[in-house]
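Colleague:
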Amino acid sequence: MDLNNAWVLVTGASRGTGVTIAEEFAKSKAKLVLIARSMDGLRETCDRVEKAGGEAHPIAFDLHDITRIQDLVGQIRQVAPHIDVLVNNAGLEKYYFYTNYSTEDITSILTVNLMAPMELTRLLLPDMLKRKKGHIINISSLGGKIGEHYNTLYMTSKGGMDLWTATLRKELYQTGVKITSIAPGGITDTGMIHNIGVPYPALLGSCTSRDVARAVVKCTSRYRARVYVNSLPVMPLILLNEIFPMAFDALFRWMGISKGNKEKVYRRMRADNVEMEEDPETMAA
Ligand SMILES: NC(=O)c1ccc[n+]([C@@H]2O[C@H](COP(=O)([O-])OP(=O)(O)OC[C@H]3O[C@@H](n4cnc5c(N)ncnc54)[C@H](OP(=O)(O)O)[C@@H]3O)[C@@H](O)[C@H]2O)c1
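For the sequence shown, this note's numbering begins at 541 and goes up steadily by one.
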């Protein structure tokens with residue numbers, strides 16, 4: 541797709557990887573609509589987009605409000621006549637032991653990470669189909685393919701996002717509208733894992749937000765259905781998880797992923813003032 545003057549919508553553009561994705565589109569002179577809750581963060585991203593040569597319009601919106609996404613689409617239409625590229629990037633995670641999650645956690649994470657992208661896409665897709673042109677890019681995660689300890693709701697939302705993408709891709713065949721799932725490994729320079737401050741296990745490989753942003757922009761010109769963004773090959777891990785799941789789980793424990801993620805849980809629980817007696821491994825001992 542020629543991105544010069546194309547309308548690109550990026551959710552989760554107030555901080556983290558969404559900012560770099562917006563900047564990377566701006567280099568191709570795209571016009572951006574940026575969505576997140578923080579208007580201050582969005583304004584900062586708009587400044588960066590303009591410095592990179594693009595044009596950006598911020599819309600503050602909480603994607604938990606799934607029943608109001610129709611209103612959001614109304615606001616988008618006041619700014620952009622149509623959307624050529626939709627990047628479903630907004631997401632949240634919560635490292636917790638499963639029994640410590642609340643009903644609200646389940647609703648919140650699945651709504652923002654999975655249901656809101658589905659609803660936004662459902663509402664923007666008819667116009668793309670009419671124009672026989674459009675690209676939906678979903679930012680999922682390597683974790684959604686293999687599952688990682690103590691972040692079950694997030695991993696589930698990303699696994700769901702991948703299956704939704706793969707299913708809708710079949711329905712969109714020969715419509716002119718494309719859909720891609722971009723699955724990064726751990727992003728080391730910004731974003732949710734970087735912010736927790738527990739080092740990412742070197743044996744898993746990693747990537748930067750720039751790697752992710754470049755992969756996003758690249759797939760608009762050279763179509764790929766699914767892209768993994770990681771410094772090390774991911775297929776051996778994915779296949780091991782599929783074929784020998786117990787061996788995969790043992791490998792993950794050996795690599796220290798269980799331990800590192802437990803540290804993330806403890807940090808989060810301390811921040812939330814939650815008592816820490818529910819460690820499932822301690823309970824099983
Ligand atoms: N970081 C990683 O290592 C990693 C790895 C694989 C995949 N990913 C995926 O990459 C994407 C970006 O991750 P990141 O690390 O850059 O995340 P981040 O730094 O935590 O930023 C998340 C973005 O989502 C927005 N957001 C969160 N809740 C929202 C809500 N209710 N309504 C609207 N916007 C909301 C945030 O803005 P506000 O708070 O202003 O609303 C922010 O702009 C996510 O989908 C994530 O799952 C990240």
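We treat Cβ as the ideally placed atom computed from N, Cα and C, and that holds for glycine.
1) Under the criterion of a Cβ to heavy atom distance below 6 Å, does Met809 qualify as lining ligand 1?
2) Kindly indicate which three-state DSSP category Pro598 falls into: helix, strand or coil?
3) Report yes if the C-beta distance between Cys759 and Ile727 is below 7 Å; otherwise report no.
4) My output table needs one value for Arg671: the three-state DSSP class, helix, strand or coil.
5) Would the beta-carbon of Tyr694 fall within 7 Å of that of Glu633?
6) Can you tell me which of the three DSSP states Ser721 falls into?
7) Let's see if you can read the secondary structure: which residues bound the alpha helix (DSSP H) around Tyr694?
8) Are the CB atoms of Gly731 and Gly614 within a distance shorter than 7 Å?
9) With a threshold of 16 other CB atoms inside 10 Å of the CB of Glu688, please say whether the residue is buried or exposed.
10) Any chance the CB of Leu632 is under 6 Å from a heavy atom of ligand 1?
11) Alpha carbon to alpha carbon, what distance is there between Gly581 and Ala825?
12) Ignoring anything shorter than 4 residues or poking outside the region 558–602, list the alpha helix (DSSP H) runs there in chain order.
13) Which term fits Asp624, buried or exposed, when burial requires 16 or more other beta carbons within 10 angstroms of its beta carbon?
14) Taking the alpha-carbon of Val589 as reference, which of Leu574, Leu603, Ile599, Phe601 has the nearest alpha-carbon?
15) Could you check if Ile719 belongs to the surroundings of ligand 1, using beta carbon to heavy atom distance under 6 Å?
Modeller: With the given structure in hand:
1) Here the question's residue 809 lines up with position 269 in the sequence shown. Not so, every heavy atom of ligand 1 lies at least 6 Å from the Cβ.
2) Working through the sequence shown from its first residue, we reach residue 598 at position 58. Looking at Pro598 - three-state DSSP - the assignment turns out to be strand.
3) Here residue 759 refers to the residue found at position 219 of the sequence shown. Here residue 727 refers to the residue found at position 187 of the sequence shown. Result no, Cβ atoms of Cys759 and Ile727 do not sit closer than 7 Å.
4) Within the sequence shown, the letter at position 131 stands for residue 671. Arg671 falls in the helix class under three-state DSSP.
5) As a working mapping, residue 694 is identified with position 154 in the sequence shown. As a working mapping, residue 633 is identified with position 93 in the sequence shown. Yes, the pair counts as a contact, with Cβ atoms nearer than the cut-off.
6) Position 181 of the sequence shown holds residue 721. Strand at Ser721.
7) One-based indexing of the sequence shown puts residue 694 at position 154. Residues 692–711.
8) By one-based count along the sequence shown, residue 614 stands at place 74. By one-based count along the sequence shown, residue 731 stands at place 191. Cβ distance not < 7 Å, so Gly614 and Gly731 don't count as in contact.
9) Position 148 of the sequence shown holds residue 688. Answer is buried; the Cβ neighbour count reaches 16.
10) Position 92 of the sequence shown holds residue 632. Of the heavy atoms belonging to ligand 1, at least one sits nearer than 6 Å to the Cβ of Leu632.
11) By 1-based counting over the sequence shown, the position of residue 825 is 285. By 1-based counting over the sequence shown, the position of residue 581 is 41. Because Ala825 carries a pLDDT of 46, less than 50, the predicted location of this residue cannot be relied on, and the following value inherits that uncertainty. For Ala825 and Gly581, the distance between alpha carbons rounds to 45 Å.
12) 579–591
13) By one-based count along the sequence shown, residue 624 stands at place 84. Result: buried.
14) Residue 589 sits at position 49 when you count from the first residue of the sequence shown. Out of Leu574, Leu603, Ile599, Phe601, Leu574 has the C-alpha closest to the C-alpha of Val589.
15) The residue labelled residue 719 in the question sits at position 179 within the sequence shown. Outside the cutoff, so no.
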